[in-house]
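First to last, the protein sequences are chains L and G. Mapping the first sequence onto full-length UniProt numbering, position 13 (from 1) lands on 13, and the numbers just tick up by one. Mapping the second sequence onto full-length UniProt numbering, position 268 (from 1) lands on 268, and the numbers just tick up by one.
2 protein chains.
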Amino acid sequence: MVTLAEVAQHAGVSASTVSYVLSGKRSISATTRQRVERSIRELGYHPNAGARALASSRSNIIALMVPLRTDIYVPVMMEIAIAVATTARTHGYDVLLLTGEEGPDAVRRVAGSGLADGMILMDVELDDERLPLLRESAQPAVLIGLPADTGGLTCVDLDFRATGALCVEHLAGLGHRDVAVIGEAPAVYERHTGFAERTLDGLRSRARETGVRLLHRPCEGGYDATAATVSRILDERPDTTGFVVQNEAAVEPLLALLRQQGRAVPEDVSVVAVCPEQVAVQASVRLTSVSLPAQEMGRHAVEQLVAKLDGRGDAEVVLLPPALTVRASSGPAPVR
Amino acid sequence: MVTLAEVAQHAGVSASTVSYVLSGKRSISATTRQRVERSIRELGYHPNAGARALASSRSNIIALMVPLRTDIYVPVMMEIAIAVATTARTHGYDVLLLTGEEGPDAVRRVAGSGLADGMILMDVELDDERLPLLRESAQPAVLIGLPADTGGLTCVDLDFRATGALCVEHLAGLGHRDVAVIGEAPAVYERHTGFAERTLDGLRSRARETGVRLLHRPCEGGYDATAATVSRILDERPDTTGFVVQNEAAVEPLLALLRQQGRAVPEDVSVVAVCPEQVAVQASVRLTSVSLPAQEMGRHAVEQLVAKLDGRGDAEVVLLPPALTVRASSGPAPVR
DNA sequence: CCAGACAATCGAAGCGCTTCGACTCGCCGG
DNA sequence: CCGGCGAGTCGAAGCGCTTCGATTGTCTGG
Chain L
1 MVTLAEVAQH
11 AGVSASTVSY
21 VLSGKRSISA
31 TTRQRVERSI
41 RELGYHPNAG
51 ARALASSRSN
61 IIALMVPLRT
71 DIYVPVMMEI
81 AIAVATTART
91 HGYDVLLLTG
101 EEGPDAVRRV
111 AGSGLADGMI
121 LMDVELDDER
131 LPLLRESAQP
141 AVLIGLPADT
151 GGLTCVDLDF
161 RATGALCVEH
171 LAGLGHRDVA
181 VIGEAPAVYE
191 RHTGFAERTL
201 DGLRSRARET
211 GVRLLHRPCE
221 GGYDATAATV
231 SRILDERPDT
241 TGFVVQNEAA
251 VEPLLALLRQ
261 QGRAVPEDVS
271 VVAVCPEQVA
281 VQASVRLTSV
291 SLPAQEMGRH
301 AVEQLVAKLD
311 GRGDAEVVLL
321 PPALTVRASS
331 GPAPVR
Chain G
1 MVTLAEVAQH
11 AGVSASTVSY
21 VLSGKRSISA
31 TTRQRVERSI
41 RELGYHPNAG
51 ARALASSRSN
61 IIALMVPLRT
71 DIYVPVMMEI
81 AIAVATTART
91 HGYDVLLLTG
101 EEGPDAVRRV
111 AGSGLADGMI
121 LMDVELDDER
131 LPLLRESAQP
141 AVLIGLPADT
151 GGLTCVDLDF
161 RATGALCVEH
171 LAGLGHRDVA
181 VIGEAPAVYE
191 RHTGFAERTL
201 DGLRSRARET
211 GVRLLHRPCE
221 GGYDATAATV
231 SRILDERPDT
241 TGFVVQNEAA
251 VEPLLALLRQ
261 QGRAVPEDVS
271 VVAVCPEQVA
281 VQASVRLTSV
291 SLPAQEMGRH
301 AVEQLVAKLD
311 GRGDAEVVLL
321 PPALTVRASS
331 GPAPVR
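Structure below.
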């Protein structure tokens, strides 16, 4: 293991000079810099992370807390995680992967040990138990998702209210009067995950404004559960011609069921999904959808956090504007 | 930020004593231990990770390299990653998330900087460019997946040869004589990802032994590509009554197509999938499948690595035995 | 009753890096 | 010709922890 001191000796300079070459915090003559850089290369020197962290009290690590549940929004989570990791690297940070399992303790551990310089929390609930800790520990953090009280916190999320509104608007614009929402699993609402409720808010308020009749039903996802939900919806509102789906696991089952019942998409029934682009494109019908900009969220979160760590205080809440892409699953409401 | 020294002072002992209480590397009297532990609690002490790493040259961090591609086996990857993270925690390790993006450089960086004590590589290719580095740097590592040359490396993987064999065996046992394999995307085979080729090996050799006629076709996944692949297969071998699918993105399309063509599953056609359990259960037909034991692989990988780090040298290659679960998609071959 | 063994504790020497103050030049303006 | 300045470099003092003797008692067996 090559050390700074060895590089210094090899280059014929002092250790501090090498350090300044590395950090650029003081001016170094061109010749010295080159000599040092050459030694670094020749010896294959890599600064020791621990020593660096100790001396500078900066670990150059960002902690990312992902939810433990592997049953839900997996691709989205993964995409965010990967976006976080790659974006972090471009800013010179590495990413520490924490699972939700440890819960609040993880916050304590990371903040206390100086393992990471800051953290990004995913899957934030409206009344998340990690938040008080975050506030009191003054740990630089960015949330992906929106809690009930955002005071003093930096958050990044898709604007789900606007997303909901956009879906209804699209269907209303096509003449649909009865729209059903196939929502997330009941557990998601019970946990008060913010995005689900905000979407619903947006759906409802725009429905009110446009005179659309809205029916919302949570749905577990999977074929059987979706079948039950859909048949219940069609019993209650036989005139339903528009569906909004916010549950990846219900998308394909829904399409299969509609086909099976002889309802053509989009001639008889229109479907709008809130899902990652990939899902919308790969479905059996190319879906009109509002995409979940997972990558962008991950990237934004890191950039907000890095800004904080650099002392550039920044915006508190960033809501990414939703974009609806019209594909093959929505069209004018059938004339009756 | 509370330090060891402050805890020592508060407890009226020396710093080294506190350290030994924490590490348990020397015997400490019960009374002293309790006093120290009390001080730790009262002061809310957390050891500083950097200092610890520097002094002990152990970071207690495991690096996990996940593939950058977000288009393939995402749920499996995620499940493995989460299993790695949680298992690592139970052994006192944290997990650093590296994306494939950096490629071999990441290995150099991590090995050189002492950022992590060891690493786990996912999505290993037959002739992976990270392997030479791994060998020369003597970095403790575990691969998930099997390269061509496993010499000096520790690997964990599902036994894909046996998996392939098992699938054929199951179908052969049910009387199927013509079996088609819908494989991974061509790119996967071109990259020489080991598991795809090994599965194929297993399929073929058992087909030979059981006298089954086997047709293998790579498939991109998605509806259109799968449709093309299936119709080609049925043109070439109209008597095909058994399908083996090893591409999650082709599973649902395949089932839809079969339905559409009026081929009943499992009465007319049997389908066996190689996929995560969740996919098999949530499909429109509950699939007979060999599951990808993602969690188990993650857990095993960590345990192998921890063993290495503890100086307990261990087995070189661990192949997890496949298990086929019979569900609703396979049955006796139709009588002609 | 003493040598030797053992348990419990302390002190000090680092681990490899960053950073601050100080020092040495060469150069400029007065 | 001298004081002062900035660029470039060095030395040394830590950062908070682990770990290796060394030290002090306390027991034990002979």
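We put the beta carbon where it would ideally sit given N, CA and C, even for glycine. Everything numeric in this text was worked out from a predicted model, so none of it was measured.
DSSP bridge partner residues for residue i (one or two, in chain order)
i, result
"Gly242/G", "Val179/G, Ser270/G"
"Leu143/G", "Leu121/G, Cys155/G"
"Arg99/G", "What sits at residue 99/G in the sequence shown is Thr, not Arg. Bridge partners of Thr99/G: Val66/G."
"Ile61/L", "Asp94/L"
"Cys275/L", "Ser291/L"
"Arg217/G", "Ile182/G"
"Thr193/L", "Glu125/L"
"Val318/L", "Val156/L"
Collapsed DSSP secondary structure at residue i in the structure displayed
i, result
"Leu324/L", "strand"
"Ser289/L", "strand"
"residue 409/G", "Past the boundaries of the shown model lies residue 409/G; chain G is included only from 1 to 336, so the question cannot be answered."
"Val83/L", "According to the sequence provided, residue 83/L is Ala. The question's Val does not apply to it. If DSSP states are grouped into helix, strand and coil, Ala83/L belongs with the helices."
"His170/G", "helix"
"Asp310/L", "coil"
"Gln261/G", "coil"
"Ser27/L", "coil"
"Val212/G", "coil"
"Met1/L", "coil"
"Arg336/G", "coil"
"Arg130/L", "coil"
"Ala11/G", "helix"
"Pro47/L", "coil"
"Ser39/L", "helix"
"residue 339/G", "Because chain G is modelled from 1 through 336, residue 339/G falls outside the range shown and cannot be assessed."
"Thr150/G", "coil"
Cα-Cα separation, residue i to residue j
i, j, result
"Thr87/L", "Val66/L", "17 Å"
"Gly221/G", "Ala249/G", "5 Å"
"Val306/L", "Val95/L", "12 Å"
"Arg177/G", "Thr240/G", "8 Å"
"His216/L", "Pro147/G", "50 Å"
"Glu197/G", "Arg38/L", "44 Å"
"Thr229/L", "Pro253/L", "11 Å"
"Met78/L", "Leu64/G", "14 Å"
"Tyr93/G", "Ile120/G", "13 Å"
"Ile61/G", "Gln246/L", "37 Å"
"Val76/G", "Val74/L", "10 Å"
"Ala283/L", "Phe195/L", "23 Å"
"Glu267/G", "Leu214/G", "20 Å"
"Glu163/G", "Glu236/G", "It should be pointed out that residue 163/G corresponds to Thr in this sequence rather than to Glu. When rounded, the distance between both Cα atoms is 25 Å."
"residue 354/L", "Arg130/G", "Residue 354/L lies beyond the residue range present for chain L, which begins at 1 and ends at 336; the question has no answer from this structure."
"Ala81/G", "Gly103/L", "17 Å"
"Pro47/G", "Asp105/G", "30 Å"
"Val188/G", "Ser19/L", "45 Å"
"Gln260/L", "Thr199/G", "35 Å"
"Met122/L", "Ala280/L", "23 Å"
"Arg35/L", "Ser27/L", "15 Å"
"Ala225/L", "Cys219/L", "7 Å"
"Ala323/L", "Val265/G", "40 Å"
Cβ-heavy atom distance, residue i to the ligand ZN, below 8 Å
i, result
"Pro67/L", "You won't find the ligand ZN in this model; it holds no ligand whatsoever."
Problem set entry | Near-chain G residues of the UniProt domain "HTH lacI-type" (2 to 56) of chain L - C-beta to any C-beta below 9 Å | Those would be Val2, Gly44, Tyr45, His46, Pro47, Asn48, Ala49, Gly50, Ala51, Arg52, Ala53, Leu54, Ala55, Ser56, in chain order.
Problem set entry | contact_flag[the stretch 270 to 282 of chain L, the stretch 1 to 15 of chain G] where n(CB pairs < 8 Å) is 3 or more | Fewer than three Cβ pairs drawn from the stretch 270 to 282 of chain L and the stretch 1 to 15 of chain G lie within less than 8 Å of each other, which leaves the two stretches out of contact.
Exercise. Three or more beta-carbon pairs under 8 Å between the stretch 314 to 331 of chain G and the stretch 261 to 272 of chain G, yes or no?
Worked result: They touch, by the three-pair rule.
Problem set entry | Inter-stretch contact (C-beta, 8 Å, three-pair minimum) for the stretch 278 to 293 of chain L and the stretch 158 to 173 of chain L | The stretch 278 to 293 of chain L vs the stretch 158 to 173 of chain L: in contact.
For this session: Mind checking the stretch 135 to 165 of chain G against chain L and listing, in chain order, the residues whose C-beta falls within less than 7 Å of any C-beta there?
Result: Going along the stretch 135 to 165 of chain G in chain order, one finds no residue with a Cβ nearer than 7 Å to chain L.
Problem set entry | Stretch pair the stretch 162 to 171 of chain G + the stretch 202 to 215 of chain G: three plus CB contacts closer than 8 Å | The stretch 162 to 171 of chain G, when compared against the stretch 202 to 215 of chain G, does touch it at the 8 Å Cβ threshold.
Exercise. Is the stretch 106 to 122 of chain G touching the stretch 43 to 61 of chain L, taking contact as three or more C-beta pairs under 8 Å?
Worked result: The way I'd put it, the stretch 106 to 122 of chain G does touch the stretch 43 to 61 of chain L; three or more beta-carbon pairs between them come closer than 8 Å.
Problem set entry | Stretch-stretch touch, CB-based, cutoff 8 Å, three pairs: the stretch 301 to 317 of chain L with the stretch 137 to 152 of chain L | Touching, per the Cβ criterion.
Exercise. What residues in the stretch 63 to 77 of chain G have a beta carbon less than 8 Å from any beta carbon of chain L?
Worked result: Those residues of the stretch 63 to 77 of chain G that come within reach of chain L (Cβ to Cβ, closer than 8 Å) are Leu64, Val66, Leu68, Thr70, Asp71, Val74, Pro75, Met77.
Problem set entry | Interface residues of the stretch 281 to 306 of chain L facing chain G [CB-CB below 7 Å] | Result list: Gln282, Ser284.
Problem set entry | Within 8 Å of chain G by C-beta, residues of the stretch 320 to 331 of chain L in sequence order | Of all residues in the stretch 320 to 331 of chain L, none places a beta-carbon less than 8 Å from a beta-carbon of chain G.
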